[in-house]
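Enquirer: What follows is a single structure, and I will ask about it in a moment.
Structure below.
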């Protein structure tokens, strides 16, 4: 044990980073007790001392994972692991800590094996979070994870943010779990796709004919990218960006001074525009809206995003639509609805996704293919859904579909709890972040409407926190470089005083 502080030096619930040799440790005083945890978030390495402590939890500043201050246990994703704990002693006012961590909980809870089978369809953010949570919550029975991609589950958000930029080769995208996790947690991974769901027989048939029985089922199959539906859209050079394989096909086409037209000023469309400009590629964004993100953020913040992109060389054609793709052997131009001809070597589609739920037509599907669930993520007896496929109640809205990474993981953990007989509910503000030209913008909430936006800070400098109001109620937050405050707001939008 090594002395790292004195008790009176540590302020109540104010995390402090210390080092023992090369080991960074976070000290957190709670009354006369001091906790010692790993100092960096296990998700992406964020410095936890820059986060927030509230309501018995420590909240990561970057992506809002949260952990119980009592024992470091995981409360909210996108982290999938608890904090590492270190032994602490307090003697004569001195705080002593060992750099030898306390042993972690066993991968699978000891005791008799549960006879039930938990089947999870979809090996993305939601599916991976769900199977990890089933073991975390003590389930000892059979867990099956079915994924359509040959690659092990990975961080899909890196594709538009870092892979296109050239900062991260596709094969270096971080896996959501290391290979040893699957074996140590006794999780069966199957590469395949669901073809049919039989609710009465409680089984799912895969496209190769495999039949998988279940006691509880989680549908987390995510979305399929919406293709560009115009003449010529099948030409070589028209690309989607939803998977590692998509990225592997796209990257070679960007070499040699390629000209790229992006169809759609969606989050993925503009993240891709940012990444491509960072690597020097000429980019034109075609959008049917003059101001990007106006519906989500309001006109003032939306206009700021457009100026940011234009300052970095992104051209906009708006409000316009692509009506045809021209080319003899491959893409040569995109034709717009006003007759404009944009020369292009690559057309990248960023028009959103459709829920991948064709196999589940017997469930209550919304017109867009979403699965209707309650806040408990239950679709019907024994069947749950999470992530991009769900349409769920939020606030005053009866059914919303939110395609956000952290929301998918939150819903998956709730579903896992309830698959085991719990009664957890999705009640927190959705959180999302988007990355443009080295700046991370955070978005909390999902308002159906707002009547004004109050901005604290400087939009052009990229240091601000904006509140969206519906009457006197804060219904959304948009922020940049105000991470400690948004960490406090992650569980309650009105948690930071004006």
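Residue numbers (my numbering): 284 to 781.
Glycine included, C-beta positions come from ideal geometry on N, C-alpha and C.
None of these values were measured; they are calculated from a predicted model.
Curious, which full-length beta strand (DSSP E) runs of at least 3 residues does the region 396-444 contain?
Expert: 400-404 and 425-430
Enquirer: Which class does residue 781 belong to by DSSP, given the choice of helix, strand or coil?
Expert: Unreliable placement is indicated for residue 781, whose pLDDT of 45 sits below 50; no coordinate value is reported for it.
Enquirer: Report all residues from its chain with a CB closer than 7 Å to the CB of residue 393; omit the five preceding and five following residues, and keep chain order.
Expert: none
Enquirer: With a CB to CB cut of under 6 Å and the five nearest residues on each side skipped, what residues in its chain are close to residue 765?
Expert: 748
Enquirer: State the Cα-Cα distance for the pair residue 435 and residue 740, rounded to the nearest angstrom.
Expert: Those two C-alpha atoms are separated by around 42 Å.
Enquirer: In whole angstroms, give me the CA-to-CA distance for residue 574 and residue 624.
Expert: 22 Å
Enquirer: Are the region 730-737 and the region 512-532 in contact at 8 Å, needing three or more beta carbon pairs?
Expert: Contact fails: fewer than three Cβ-Cβ distances are below 8 Å.
Enquirer: Give every residue of the same chain whose Cβ lies closer than 7 Å to the Cβ of residue 478, excluding the five residues on either side of it in the sequence, and list them in chain order.
Expert: Once the five neighbours on either side are set aside, the close Cβ partners of residue 478 are 488, 489, 490 and 642.
Enquirer: Determine the DSSP secondary structure at residue 528, reduced to helix, strand or coil.
Expert: helix
Enquirer: For residue 596, I'd like the list of residues in its chain whose CB is within less than 6 Å of its CB, leaving aside the five on either flank, ordered along the chain.
Expert: 560
Enquirer: Counting only the same chain and skipping the five closest in sequence on each side, list residues whose C-beta sits under 7 Å from that of residue 443.
Expert: Contacts found: 524, 551, 554, 555 and 558.
Enquirer: Can you say whether residue 332 is buried or exposed, counting buried as having 16 or more other CB atoms within 10 angstroms of its CB?
Expert: buried
Enquirer: Residue 398 to residue 426, Cα distance in whole Å?
Expert: 11 Å
Enquirer: Quick one: complete alpha helix (DSSP H) runs, 4+ long, within the region 671-703?
Expert: 688-702
Enquirer: Residue range of the alpha helix (DSSP H) that residue 474 falls in?
Expert: Per DSSP, residue 474 lies in no alpha helix (DSSP H); the unbroken beta strand (DSSP E) holding it starts and ends at 470-474.
Enquirer: Give every residue of the same chain whose Cβ lies closer than 6 Å to the Cβ of residue 402, excluding the five residues on either side of it in the sequence, and list them in chain order.
Expert: 427, 495, 497 and 500
Enquirer: By Cβ distance below 7 Å, which residues in the same chain neighbour residue 385 in space, the five residues on each side in sequence not counted?
Expert: 368, 369 and 370
Enquirer: Between the Cα of residue 743 and those of 588, 339 and 674, spot the shortest distance and give me the residue it belongs to.
Expert: Here the closest residue by C-alpha is 588.
Enquirer: Compare the beta carbon distance of residue 692 and residue 360 with 9 Å and say whether it is the shorter of the two.
Expert: yes
Enquirer: Using three-state DSSP, classify residue 359 as helix, strand or coil.
Expert: Strand at residue 359.
Enquirer: Give the range of the alpha helix (DSSP H) segment to which residue 589 is assigned.
Expert: 582-594
Enquirer: Can you tell me whether residue 594 is buried or exposed? The criterion is at least 16 other CB atoms within 10 Å of its CB, across all chains shown.
Expert: exposed
Enquirer: Please work out which residues of its chain come closer than 6 Å, Cβ to Cβ, to residue 656, disregarding the five sequence neighbours upstream and downstream, and give them in chain order.
Expert: 662, 668, 673 and 675
Enquirer: So is residue 694 buried or exposed if we call it buried at 16+ other beta carbons inside 10 Å?
Expert: buried
Enquirer: Between residue 304 and residue 348, what straight-line distance do the alpha-carbon atoms span, to the nearest angstrom?
Expert: 27 Å
Enquirer: Decide if residue 781 is buried, meaning its Cβ has at least 16 other Cβ atoms within 10 Å, or exposed.
Expert: Note on residue 781: pLDDT 45, under 50, position unreliable in the model; the coordinate value appears next. Residue 781 should be labelled exposed.
Enquirer: What does the alpha-carbon distance come out to for the pair residue 404 and residue 702?
Expert: 14 Å
Enquirer: Considering only DSSP beta bridges, list what residue 303 is partnered with.
Expert: 306
Enquirer: Give the secondary structure of residue 371 by DSSP, where H, G and I count as helix, E and B as strand, and everything else as coil.
Expert: In the structure shown, the three-state DSSP call for residue 371 is strand.
Enquirer: Are the region 767-776 and the region 324-340 in contact at 8 Å, needing three or more beta carbon pairs?
Expert: yes
Enquirer: With a threshold of 8 Å, are at least 3 pairs of Cβ atoms found where one atom belongs to the region 506-525 and the other to the region 596-615?
Expert: yes
Enquirer: Measure the C-alpha to C-alpha separation of residue 461 and residue 724 and round it to an integer number of angstroms.
Expert: 29 Å
Enquirer: Hey, quick one: how far does the beta strand (DSSP E) through residue 605 stretch, first residue to last?
Expert: For residue 605, the enclosing beta strand (DSSP E) has its first and last residue at 605-609.
Enquirer: Between which two residues does the beta strand (DSSP E) holding residue 321 run?
Expert: 316-321
Enquirer: My parser needs the beta strand (DSSP E) runs of 3 or more residues fully inside the region 713-776; what are they?
Expert: 714-719, 722-728, 735-741, 746-753 and 756-763
Enquirer: Ordered along the chain, which non-local residues of its own chain (more than five positions away) have a Cβ less than 6 Å from that of residue 421?
Expert: 392
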